[in-house]
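Chains as they are written, first to last, in UniProt numbering: chain L, 1 to 202; chain E, 1 to 202. Let me begin by presenting the structure, written as structure tokens, before commenting on it.
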DNA sequence: TTTATATTTGACCAGTTGGTCAAAGTGAGG
DNA sequence: CCTCACTTTGACCAACTGGTCAAATATAAA
């Protein structure tokens with residue numbers, strides 16, 4: 001089925017995806033041009049189109065790769081683990097991703113803000129399924145009195161929003177914090193927030 | 001200095017701004033076209049350019065108007081009031097703004113994600129000043145033991161992110177919640193989160 | 001070396017976009 | 001009714017954009 005990829009194919013495809021990520025995440029889909037991406041990838045435009053048939057194809061390939069790494073960590077939350085630690089760890093992982101892969105986060109944010117024209121169906125399908133399952137786990141923890149009462153869906157939203165904020169709104173964060181490092185305080189704050197929110201009262 | 005505006009000028013300028021807001025917030029600056037905006041405003045393209053000299057001018061006018069309504073509520077936080085209530089009320093106000101003016105929120109988000117090319121200086125100037133003052137007030141509350149210890153800057157970030165999330169990521173929120181109304185649960189969750197975070201322990 | 005295949009490129013194109021301009025139309029005060 | 005400033009428009013343009021294509025070049029296997 002899959003034709004064997006040559007060395008050159010591998011190199012160029014990953015160069016194009018890296019360039020596409022950089023450009024798309026900064027300028028959005030419409031603001032990005034094939035010339036800019038090709039230049040960033042170190043290829044001529046026709047040569048780039050030899051590997052990806054269109055601008056859309058590059059964008060879709062990026063989103064597909066992104067969605068995988070987006071959904072995967074959620075499934076690692078262990079229903080049998082300590083609830084507060086599981087959720088705090090998930091939040092910390094998301095924050096680390098915002099720190100190390102801010103362009104991925106911005107690419108995703110751009111897509112969602114503009115109405116998710118490409119991945120709307122995935123959101124309403126896979127994503128919803130995964131989050132429904134997680135919500136069920138969290139509800140179980142609440143029922144067992146292992147965390148304070150909480151709406152599981154909005155809890156997830158608040159974890160996503162607080163962590164992704166540091167990637168998507170990086171410019172604003174840095175404008176306000178000046179020289180101070182955002183991530184140091186961010187991790188402590190978010191952990192604090194979740195612990196005080198969730199830890200059952202004695 | 002200011003020439004008196006005619007009835008027609010008022011009507012057309014506000015029509016253009018309304019149309020620009022709608023289009024820019026959905027497609028981003030680059031993805032928006034003058035034709036689309038003019039069409040939405042019910043004017044011909046040259047006629048629209050008679051009132052705003054360029055695409056950039058419309059965008060800048062929108063951002064200027066937006067920044068005002070963005071900064072103003074922060075200054076309403078009363079250092080003499082009850083700390084928890086003041087902060088909870090601010091968060092509720094931001095959430096209400098996300099609910100009633102989602103396009104403004106998305107316009108702002110688009111601008112920030114793309115590196116704030118137009119309003120970077122305002123962020124590092126006015127915004128930072130205002131937030132520095134707020135941070136000072138919050139620090140005072142912490143010192144007085146009226147709220148639990150908290151990093152004031154990251155507290156503000158978390159309020160912004162959690163509330164704006166419901167406007168900027170509306171599509172994702174609705175994809176997950178399905179028919180359920182987002183805002184009902186959102187307000188209660190955010191209020192809960194802040195109260196548990198801030199209310200001093202007895 | 002030969003050969004078949006994979007890769008790269010310059011020239012090109014049609015559609016779109018932001019913006020211009022001269023000319024025509026409109027409205028309110030005299 | 002007249003006038004003069006304000007408003008509106010159709011025709012137009014240069015720059016840019018996504019994408020094509022035939023020809024040239026590099027590569028790997030035989």
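From the three backbone atoms N, C-alpha and C, an ideal C-beta is built for every residue, glycine too.
| query | Quick one, which residues of the stretch 109-134 of chain L are near chain E if we go by CB-CB under 7 angstroms, in chain order? | reply | 109, 110, 112, 113, 114, 115, 116, 120, 123, 124, 127, 128, 131
| Listing by chain order, which chain L residues have their CB less than 8 angstroms from the CB of residue 196(E)? | Counting from one through the second chain, the residue named residue 196(E) turns up at place 196. Residues of chain L passing the Cβ test: 148, 196, 197.
| field | Simplified DSSP state of residue 180(E), which is helix, strand or coil | value | The residue given as residue 180(E) occupies position 180 in the second chain. Note: residue 180(E) maps to coil in three-state DSSP.
| said: Measuring straight from C-alpha to C-alpha, what distance separates residue 1(E) and residue 57(E)? | reply: Here residue 1(E) refers to the residue found at position 1 of the second chain. Here residue 57(E) refers to the residue found at position 57 of the second chain. Note that residue 1(E) scores 35 on pLDDT, short of 50, meaning its location in the model is unreliable and no value can be drawn from it.
| field | residue 38(E): CB within 8 angstroms of a non-hydrogen atom of the ligand NAD | value | Inclusion of the ligand NAD in the displayed structure is not the case, the ligand content being empty and no account of it being possible.
| task | Taking all protein chains shown into account, decide if residue 183(E) is buried (16 or more other Cβ within 10 angstroms of its Cβ) or exposed. | result | For this step, residue 183(E) is matched to residue 183 along the second chain. Flag for residue 183(E) reads exposed.
| request: For residue 175(E), go through chain L and note every residue whose CB falls closer than 8 angstroms to its CB, in chain order. | output: By 1-based counting over the second chain, the position of residue 175(E) is 175. Residues of chain L passing the Cβ test: 116, 120, 123, 124, 127, 128.
| task | Show which residues of chain E have a CB atom less than 8 angstroms away from the CB atom of residue 193(L). | result | Mapped onto the first chain, residue 193(L) falls at position 193. Per Cβ cutoff of 8 angstroms: 158, 193, 197.
| query | According to a CB-to-CB cut-off of less than 9 angstroms, which residues of the UniProt domain "HTH tetR-type" (10-70) of chain L neighbour chain E? | reply | 25, 26, 27, 28, 29, 30, 31, 32
| field | the stretch 163-171 of chain L contacting the stretch 171-181 of chain E, beta-carbon criterion three pairs below 8 angstroms | value | no
| task | Compare the C-beta of residue 106(L) against all C-beta atoms of chain E and say whether one is closer than 9 angstroms. | result | Mapped onto the first chain, residue 106(L) falls at position 106. By this cut-off, residue 106(L) is an interface position.
| task | List the endpoints of the continuous alpha helix (DSSP H) containing residue 20(E). | result | In the second chain, residue 20(E) corresponds to position 20, counting from 1. Where residue 20(E) is concerned, the enclosing alpha helix (DSSP H) stretches over 7-31.
| query | With distances taken between CB atoms, is the gap from residue 157(L) to residue 100(E) smaller than 9 angstroms? | reply | As a working note, residue 157(L) is residue 157 in the first chain. As a working note, residue 100(E) is residue 100 in the second chain. Against a cut-off of 9 angstroms, the Cβ pair of residue 100(E) and residue 157(L) comes out as no contact.
| request: Apply the 10 Å Cβ neighbour rule to residue 68(E) and answer buried if 16 or more other Cβ atoms are within range, or exposed otherwise. | output: Taking the second chain and counting its residues from 1, the one referred to as residue 68(E) is at position 68. So residue 68(E) counts as exposed.
| task | For residue 114(L), I'd like the list of residues in its chain whose CB is within less than 8 angstroms of its CB, leaving aside the five on either flank, ordered along the chain. | result | Here residue 114(L) refers to the residue found at position 114 when the first chain is read from its first residue. These residues qualify, in order along the chain: 28, 29.
| field | residue 194(E) to residue 85(E) span [Cα, whole Å] | value | Numbered from its first residue, the second chain carries residue 194(E) at position 194. Numbered from its first residue, the second chain carries residue 85(E) at position 85. Answer to the nearest angstrom: the Cα atoms are 10 angstroms apart.
| Closest Cα partner of residue 72(E) within the set 130(E), 123(E), 159(E) | Position 72 of the second chain, counted from the start, is the residue given in the question as residue 72(E). Considering only alpha carbons, the answer is 130(E).
| request: Using a Cβ cut-off of 7 angstroms, pull out every chain E residue sitting near residue 186(L), in sequence order please. | output: As a first step, residue 186(L) is located in the first chain; it is residue number 186 there, counting from the start. Correct list: 154.
| query | For the alpha helix (DSSP H) that contains residue 136(L), what are its first and last residues? | reply | Within the first chain, residue 136(L) is the residue found at index 136, counting from 1. Here the alpha helix (DSSP H) through residue 136(L) covers 128-143.
| query | Does DSSP classify residue 2(L) as helix, strand or coil? | reply | As a working note, residue 2(L) is residue 2 in the first chain. Low per-residue confidence applies at residue 2(L): pLDDT is 46, beneath 50, and the placement is therefore not dependable enough to give any value.
| task | Could you confirm whether any beta carbon from chain E is found closer than 9 angstroms to the beta carbon of residue 77(L)? | result | As a working mapping, residue 77(L) is identified with position 77 in the first chain. Closer than 9 angstroms: no.
| said: Among the candidates 16(E), 118(E), 151(E), whose CA atom is the shortest distance from the CA of residue 186(L)? | reply: As a first step, residue 186(L) must be located in the first chain, where it is residue number 186. It is 151(E).
| task | Whole angstroms is fine: what's the gap from residue 66(L)'s alpha carbon to residue 93(L)'s? | result | As a first step, residue 66(L) is located in the first chain; it is residue number 66 there, counting from the start. As a first step, residue 93(L) is located in the first chain; it is residue number 93 there, counting from the start. Distance between the alpha carbons of residue 66(L) and residue 93(L): 15 angstroms.
| Rounded Cβ spacing between residue 19(E) and residue 5(E) (contact assumed at less than 8 angstroms) | Within the second chain, residue 19(E) is the residue found at index 19, counting from 1. Within the second chain, residue 5(E) is the residue found at index 5, counting from 1. In fact, because the Cβ distance is near 18 angstroms, the residues do not count as touching under 8 angstroms.
| Could one say the Cβ of residue 178(L) lies closer than 9 angstroms to chain E's Cβ atoms, at least one of them? | As a position in the first chain, residue 178(L) is number 178, starting the count at 1. Yes, residue 178(L) lies at the interface with chain E (some Cβ there is under 9 angstroms from its Cβ).
| query | Under a Cβ-count criterion, where at least 16 other Cβ atoms within 10 Å of its own Cβ denotes burial, should residue 47(L) be classed as buried or exposed? | reply | Translated into positions along the first chain, residue 47(L) becomes position 47. Exposed.
| request: Would you mind giving the Cβ-Cβ distance between residue 147(E) and residue 83(E), rounded to the nearest angstrom? I have them listed as a contact below 8 angstroms. | output: Residue 147(E) sits at position 147 when you count from the first residue of the second chain. Residue 83(E) sits at position 83 when you count from the first residue of the second chain. Indeed, because the Cβ distance is near 5 angstroms, the residues count as touching under 8 angstroms.
| field | Below-9 angstroms beta-carbon distance, residue 100(E) vs any chain L residue | value | In the second chain, counting from the first residue as 1, residue 100(E) sits at position 100. With 9 angstroms as the cut-off, residue 100(E) does not count as an interface residue toward chain L.
| task | Check whether the Cβ of residue 151(L) lies closer than 9 angstroms to any Cβ atom in chain E. | result | Here residue 151(L) is taken as the residue at index 151 of the first chain, counted from 1. By this cut-off, residue 151(L) is an interface position.
| Closest to residue 199(E) by CA distance: which of 145(E), 74(E), 140(E), 189(E) is it? | The count along the second chain starts at 1 and reaches residue 199(E) at position 199. Ranking the options by Cα distance to residue 199(E), first place goes to 145(E).
| message | Using only the alpha-carbon positions, how far apart do residue 109(E) and residue 122(E) sit? | response | Along the second chain, one-based indexing puts residue 109(E) at 109. Along the second chain, one-based indexing puts residue 122(E) at 122. Their Cα atoms are separated by approximately 15 angstroms.
| field | Residue interval of the alpha helix (DSSP H) (run including residue 106(E)) | value | Along the second chain, read from residue 1 onward, the residue named residue 106(E) stands at position 106. From DSSP, the alpha helix (DSSP H) with residue 106(E) extends over 102-113.
| message | Output needed for residue 79(E): all residues of its chain with C-beta closer than 6 angstroms, excluding positions within five of it in sequence on either side, in chain order. | response | Residue 79(E) sits at position 79 when you count from the first residue of the second chain. Cβ within range, chain order: 137.
| task | Please confirm whether residue 76(L) and residue 190(E) have their CB atoms less than 9 angstroms apart. | result | Residue 76(L) sits at position 76 when you count from the first residue of the first chain. Residue 190(E) sits at position 190 when you count from the first residue of the second chain. No, the pair does not count as a contact, with Cβ atoms beyond the cut-off.
| Can the beta-carbon of residue 107(L) be found closer than 9 angstroms to that of residue 62(L)? | Locating residue 107(L) in the first chain gives position 107, counting from the first residue. Locating residue 62(L) in the first chain gives position 62, counting from the first residue. Closer than 9 angstroms, so yes.
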